[in-house]
Amino acid sequence: MKKIFLVGAGLLLSLGAYAQNTVKGYVYNDLNANRKLDKTEKGIAAVAVTNGSAVMLTDEKGYYELPIGDDQIISVIKPAGYKVPVNADNLPQFFYNHKPNGSPALKYKGVSATGALPKSVDFFLTPVKEEANFTALIFGDPQPYTIDEVNYFEKGVVNEVAAIKDVAFGLSMGDLVGNDPTLFAPYTKAVSKIGIPWYNLMGNHDINFDVKDDKMS
Numbered sequence: 006m007k008k009i010f011l012v013g014a015g016l017l018l019s020l021g022a023y024a025q026n027t028v029k030g031y032v033y034n035d036l037n038a039n040r041k042l043d044k045t046e047k048g049i050a051a052v053a054v055t056n057g058s059a060v061m062l063t064d065e066k067g068y069y070e071l072p073i074g075d076d077q078i079i080s081v082i083k084p085a086g087y088k089v090p091v092n093a094d095n096l097p098q099f100f101y102n103h104k105p106n107g108s109p110a111l112k113y114k115g116v117s118a119t120g121a122l123p124k125s126v127d128f129f130l131t132p133v134k135e136e137a138n139f140t141a142l143i144f145g146d147p148q149p150y151t152i153d154e155v156n157y158f159e160k161g162v163v164n165e166v167a168a169i170k171d172v173a174f175g176l177s178m179g180d181l182v183g184n185d186p187t188l189f190a191p192y193t194k195a196v197s198k199i200g201i202p203w204y205n206l207m208g209n210h211d212i213n214f215d216v217k218d219d220k221m222s
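For the sequence shown, the residue numbers in our numbering are 6 to 222.
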């Protein structure tokens with residue numbers, strides 16, 4: 006009886022470890038763009054999902070499974086003919102940041118603790134007609150060092166390009182701010198006024214210099 010109990014306990018521990026070390030979910034065809042699964046909506050096959058090092062294609066039901074650590078981002082890679090949802094600041098919502106313990110307490114606040122991994126990390130894509138040829142806006146090194154410089158950037162750059170029509174998306178190529186993470190929020194608000202999905206790449210002036218190692222920067 007003791008042996009059976011020990012085997013059962015070991016199995017439960019093993020299953021628990023597997024559950025926390027594996028992220029799984031679905032990529033859904035969100036026909037009405039409400040970011041909820043409705044009865045008429047199904048999964049999308051052959052969509053790539055990544056944990057930053059491994060990539061997996063969803064199966065015929067839109068299901069995926071990937072290994073995950075305590076500090077990883079799970080992302081869906083947008084396929085042609087679909088768009089990802091955006092938040093109020095027009096930032097594309099194509100990822101889930103798994104950081105159960107959050108960022109360390111430093112001068113500049115990082116990511117809040119996300120807690121236990123959800124049972125299912127799902128992504129919602131909406132069908133959209135895409136042209137083979139398109140226009141995108143590309144910013145290189147906005148890099149404001151003060152809130153005044155953010156305002157100059159908004160008036161001198163954002164307000165100028167906001168009038169350009171039929172733009173698919175925008176992208177800032179790193180150095181979004183100048184060594185001050187508190188400027189991310191006003192920078193984001195300024196760029197959101199262009200009114201299109203906007204992607205941001207991080208640069209060497211966007212890191213937190215107070216951390217002990219590069220992993221937390």
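Glycine included, each C-beta is placed from N, C-alpha and C at the ideal position.
Going by C-alpha positions, Lys112 is about 10 Å away from Val216. Beta-bridge partners assigned by DSSP to Gly48: Tyr33.
With respect to the C-alpha of Ala51, the residue from Tyr68, Thr63, Lys41 having the closest C-alpha is Thr63. For Asn205, the enclosing beta strand (DSSP E) stretches over residues 203-206. For Glu70, the three-state secondary structure derived from DSSP is strand. Among the bridge pairs identified by DSSP, Gly175 is matched with Leu142, Trp203. Each of Gln148, Ala121, Asn106, Val182 was checked against the Cα of Gly115, and the nearest Cα belongs to Asn106. Under the three-pair Cβ rule at 8 Å, the region 93-104 counts as touching the region 194-209.
Of Tyr68, Asp35, Val81, the smallest CA-CA separation from Thr55 is found for Val81. Per the Cβ contact rule, the region 151-170 is not in contact with the region 124-139 (fewer than 3 Cβ pairs under 8 Å).
Ser125 is positioned such that its CB atom lies closer than 8 Å to that of Tyr31.
DSSP, reduced to helix, strand and coil, places Tyr101 within a strand of the structure shown. Separation of Ala53 and Leu130 (C-alpha to C-alpha, rounded to the nearest whole angstrom) is 12 Å. One thing to note: Ile78 has its Cβ within 8 Å of the Cβ of Asn102. Pro191: member of the alpha helix (DSSP H) spanning 189-197, first to last residue. By the criterion of a C-beta distance shorter than 8 Å, Pro149 is surrounded in its chain by Val155, Tyr157, Phe158, Val182, Gly183, Leu188, Tyr192, once the five residues flanking it on both sides are discounted.
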